Ligand code: ADP
Ligand code: MG
């Protein structure tokens, strides 16, 4: 598993030949120690001790830093929760770094020994794994279903009620041809997979006779390609065409994969022609899925197309309430309101935040409070704040003080210009993850010490002058809603 953060900015610096050769072992070790220091500062002592203390630096290879953790659990957790921060801090330390790869290293093994699962992921030629995969390919036509993804656990609200109703209809087995295919689309983490699994559960509960095959488009492609390799495409086709319900998730994966699209198209037609049900999901509507062959696109759009919209505050709150109740954990209303307000991207993230809070509460046997929520979700919340750009801040502050936005970068030092500029710098430091030098650059190439001075000055004024403090607070609120 690796954390990949690709940035366009500064790529010249990285491609100009700074790589392993330029970073000696000692230098690397001290960079690592600074990265650790920043992490510790950023996420707090407790979190750091729990999750990152055992991380060791394995090395830098080209543009990739490898960091080792002793268990898979830790590896996955760190990757998920802190991968972004780790990468950002490394990149700040060493512009040659583009990726941070987080791996497991069992305690006591001194040499690099990636475990089997990782070797598979990396596509290394591990014989037993490859053999196992082939058997798997032949055996399960359907990927396993997540037992949590049922209709019972799906919270219905305005944004998803139509998709939900369509899914129910198909799951009831009363769907008319107008529902074939059922095409669910919407952004990441909004419940498409959940609905598909729910349909599959429902159908398989209803009758043993119905065979449902659920798979991701990616898996569909892998199966197809490996059937080609084994020269057993006929078998593959027959198997696919023998199911009653075929679900293919995340169809956008097939964009540009022409051979697989072709195969899917034929399977699709064969199934629909024999009255079988197809359910497909994608991140866009059929008409917006560019890169999918026209004839397939047309067929995809001729059944029922249901859009899962972005969540609303009400739906987010209802989901949190349902999940907390299901987990049997007492989460104060204020905390749920706070999360529903703050974590707006998608349900997956919202759920992840709640799970972290619950895990933390269990681990330390402490109740969930607004305070622990801030503490535990520090990095996530910051990621939301990070979306505020320095440009937005400059614009807002300039408007507020009725000065031209160009004055943010000008050399003028008159108080009525310099003060708002300092406030903008202060807010940039507070509300974005930009470093002092980065902020300085955005304000007419000023030095980082100027930014530091601005931050100190504004802090001082906030303490001394309530009116001033109120003004800054107002700006902060405008920027963070
Ligand atoms: P998608 O496939 O659209 O990317 P998923 O179906 O994987 O999203 O949903 C992401 C997570 O959010 C899952 O854990 C799912 O159970 C949960 N989720 C999404 N929508 C809802 C909902 N309306 N009610 C309950 N849980 C939901
Ligand atoms: Mg999905």
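In the numbering used here, the protein residues as written are 2 to 482.
Even glycine gets a Cβ: it sits at the ideal position worked out from N, Cα and C.
Source: prediction; values computed, not measured.
Legend entry - Quiz: which residues have CB nearer than 6 Å to the ligand MG non-hydrogen atoms: Residues whose Cβ lies closer than 6 Å to any heavy atom of the ligand MG, listed in chain order: 193, 194, 250, 251.
Legend entry - Where residue 456 falls: helix, strand or coil (DSSP): Three-state result, residue 456: helix.
Inset, instruction - Determine the closest residue to residue 58 out of 78, 82, 87, 50, with distance taken between C-alpha atoms. - result: Among 78, 82, 87, 50, the Cα nearest to that of residue 58 belongs to 87.
Legend entry - At least three beta-carbon pairs within less than 8 Å, the segment 281-294 to the segment 248-264: Counting Cβ pairs under 8 Å, three or more are found: they touch.
Inset, instruction - Return the first residue and the last residue of the alpha helix (DSSP H) that residue 34 is part of. - result: Judged by DSSP secondary structure, residue 34 falls within the alpha helix (DSSP H) whose first and last residues are 26-44.
Inset, instruction - Give the single residue among 331, 384, 236, 375 whose Cα lies nearest to the Cα of residue 366. - result: In this structure, 331 is the residue among 331, 384, 236, 375 with its C-alpha nearest to the C-alpha of residue 366.
Inset, instruction - Using the Cα positions of residue 42 and residue 409, report the straight-line distance between them to the nearest angstrom. - result: When the Cα atoms are used, residue 42 and residue 409 turn out to be separated by approximately 30 Å.
Inset, instruction - Pick out whichever of 71, 382, 89, 62 has its Cα sitting closest to the Cα of residue 40. - result: For residue 40, the closest of 71, 382, 89, 62 by C-alpha to C-alpha distance is 89.
Legend entry - First and last residue of the uninterrupted beta strand (DSSP E) at residue 342: The continuous stretches of beta strand (DSSP E) do not include residue 342, which lies in the alpha helix (DSSP H) extending over residues 334-343.
Legend entry - Proximity to residue 382 [Cα-Cα], best of 373, 343, 399: The shortest C-alpha separation from residue 382 is found at 343.
Inset, instruction - Kindly list the residues whose CB is nearer than 6 Å to the CB of residue 242, restricted to its own chain and excluding five residues on each side of it in sequence; keep chain order. - result: These residues qualify, in order along the chain: 271.
Inset, instruction - Consult DSSP for residue 67 and reduce its assignment to one of helix, strand or coil. - result: Strand at residue 67.
Legend entry - Unbroken beta strand (DSSP E) run spanning residue 248, endpoints: Membership of residue 248 in the beta strand (DSSP E) is indicated by the continuous run 246-250.
Legend entry - C-alpha gap between residue 217 and residue 84, whole angstroms: Their Cα atoms are separated by approximately 25 Å.
Inset, instruction - With DSSP collapsed to three states, give me the class of residue 59. - result: Correct three-state label for residue 59: strand.
Inset, instruction - Using the Cα positions of residue 45 and residue 475, report the straight-line distance between them to the nearest angstrom. - result: C-alpha of residue 45 to C-alpha of residue 475: approximately 28 Å in a straight line.
Inset, instruction - Compute the Euclidean distance between the alpha carbons of residue 325 and residue 451, then round it to the nearest angstrom. - result: So the two alpha carbons sit approximately 47 Å from each other.
Inset, instruction - Confirm the yes/no value for this check: CB of residue 352, any heavy atom of the ligand ADP, distance under 7 Å. - result: Residue 352 has its CB nearer than 7 Å to a heavy atom of the ligand ADP.
Legend entry - Three-state secondary structure (DSSP) of residue 298: Note: residue 298 maps to helix in three-state DSSP.
Legend entry - Close-in-space but distant-in-sequence residues of the same chain around residue 428 (CB under 6 Å, 5 per side omitted): Here the set comprises 394.
Inset, instruction - State the DSSP-derived secondary structure class of residue 232, mapped to helix, strand or coil. - result: Correct three-state label for residue 232: coil.
Inset, instruction - Run the proximity test for residue 169: is its beta-carbon closer than 7 Å to any non-hydrogen atom belonging to the ligand ADP? - result: Answer for residue 169: no, Cβ out of range of the ligand ADP.
Inset, instruction - Assign residue 237 to one of two classes, buried (16 or more other C-beta atoms within 10 Å of its C-beta) or exposed (fewer than that). - result: Buried: at least 16 other Cβ atoms inside 10 Å.
Inset, instruction - Give the range of the beta strand (DSSP E) segment to which residue 102 is assigned. - result: Residue 102 -> beta strand (DSSP E) spans 100-105.
Inset, instruction - Drop a sphere of 10 angstroms on the beta-carbon of residue 280, count the other beta-carbons inside from all chains shown, and report buried for 16 or more, exposed for fewer. - result: Buried, by the Cβ-count rule.
Legend entry - Buried/exposed call for residue 415, threshold 16 Cβ in 10 Å: A residue is called buried once 16 or more other Cβ atoms fall within 10 Å of its Cβ, and residue 415, having fewer, is exposed.
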